[in-house]
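A.B. asks: Pasting in a structure now, in structure tokens, and then I'll have a few things to ask.
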Amino acid sequence: MTTLLISDLHLHPGAPEITEGFLSWLDERAQGCDSLYILGDFFEAWIGDDLLDLVDQDPTGNAALAARIAAALRRLSESGTEIYLMHGNRDFLLGARFANEAGASLLPDPSVVALGDERVLLMHGDSLCTLDEAYQTFRAQARNPLWQEQVMSMPIQDRIALARQLREQSGEANSNKAEDIMDVTPEEVVKVMAEHGVTTLIHGHTHRPAVHELEVDGQPAKRYVLGDWQPGKGWEIVIEDGGEPKLQAFSLS
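Each residue of the sequence shown is one higher than the one before, starting from 655 at the first, in my numbering.
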């Protein structure tokens, strides 16, 4: 039994090396695994599943990329691997149509799943950064179904412009924030793990890959942080035969 977990690929047409590396990873590494969990920010931006209707009409290349990725995931799914997709702060509009075309299931954030003999809490990780109050305000708005409905009612070109604007605003805001504000709040981590009754948490978002030891309700616990994929290097967590999660980097060449 092999389970793979990844996060924060930020796939987009401007990073072809990451796209090609991911497709190779699917064929060479993920092939034959029992389950694959993608914990958010799979795409750099996602403006709605109707993007898939524009494969031959989108000069940006985002639609063609999305269709290619969905087809590759579908092949993996049809070979017997269960695939789960979680929303991130970049691709929170990822919907059922893309999941269906990819042969995947959408996974709520947070989710407790059985990995081997252990219950493990899976999250994207952005909700743990509670010191970043401005971002948490935006997150609450972006997860509001009414706001999402309003955005999805906009013409697709307007949504493309909105996504670009949000990325620019996020980059500007983050450049002025202290490093600790953009990381998880330790007290929130312990609180959330205790609420879900787990001693293992796996998440992404912060781009700070590490394994942190902590204590939850008097018990030793661990928090695994997946790294973001970059040209030349990816990150994964591997769980084999019910053993302990193993965080590791690998070459995308």
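A virtual CB, placed ideally from N, CA and C, is assigned to each residue, including glycine. Predicted model only: the values in this text are computed from it and were never measured.
#1: Taking only the alpha-carbon atoms, compute the straight-line gap between L677 and N716 and give it to the nearest angstrom.
#2: Leaving out the 5 sequence neighbours to the left and right, which residues in its chain are closer than 6 Å to S755 when beta-carbon positions are compared?
#3: Is it true that the stretch 762 to 773 meets the stretch 850 to 861, where meeting means three or more beta-carbon pairs spaced less than 8 Å apart?
#4: Going by DSSP, which residues form a beta bridge with H857?
#5: Hey, T791 and T839: beta-carbon distance below 8 Å or not?
#6: Do you know offhand how far M777's Cα is from T854's?
#7: Please classify V879 as buried or exposed, where buried requires at least 16 neighbouring CB atoms within 10 angstroms.
#8: Between A903 and W889, how many whole angstroms is the CB-CB distance? I'm expecting something under 8 Å.
#9: State the CB to CB distance for the pair L658 and A684, rounded to an integer number of angstroms; the pair is presumed to be in contact (CB under 8 Å).
#10: Helix, strand or coil for F697 per DSSP?
#11: Using C-beta distances below 8 Å, list every residue in its chain close to P764, excluding the 5 sequence neighbours before and after it, in chain order.
#12: If I measure Cβ to Cβ from W883 and keep anything under 8 Å in the same chain, skipping five residues before and after, which residues do I get?
#13: Nearest-angstrom Cα distance between L708 and G896?
#14: One question on the structure: do E898 and M655 come within less than 8 Å of each other, judged by their Cβ atoms?
#15: Can you tell which of G702, F697, G779, I856 has the C-alpha that lies nearest to the C-alpha of Q802?
#16: What distance in whole Å lies between the Cβ atoms of A750 and L760, which are believed to be in contact at a cut-off of 8 Å?
#17: Relative to the C-alpha of G872, which residue among V844, H859, K887 is closest?
#18: Report yes if the C-beta distance between L739 and F696 is below 8 Å; otherwise report no.
#19: Roughly how many angstroms separate the alpha carbons of E736 and A720, rounded to a whole number?
C.D. replies: Concretely, from the data shown:
#1: Taking the straight line joining both Cα atoms gives about 16 Å.
#2: The sequence as given places Glu at residue 755; Ser does not occur at that position. Once the five neighbours on either side are set aside, the close Cβ partners of E755 are A724.
#3: yes
#4: H857 is bridged by DSSP to V879.
#5: no
#6: Roughly 11 Å separates the two Cα atoms.
#7: Classification for V879: buried.
#8: Going by Cβ atoms, the distance from A903 to W889 rounds to 5 Å, so yes, they are a contact pair.
#9: 6 Å
#10: Under the three-state reduction of DSSP output, F697 falls in the strand class.
#11: These residues qualify, in order along the chain: L775, L776, M777, S781, V846, H850.
#12: Closer than 8 Å at Cβ, skipping near neighbours: I660, D662, L663, H664, I672, G675, F676, W889, L906.
#13: 42 Å
#14: no
#15: G702
#16: 7 Å
#17: V844
#18: yes
#19: Spanning the alpha carbons of E736 and A720 requires a straight line of approximately 19 Å.
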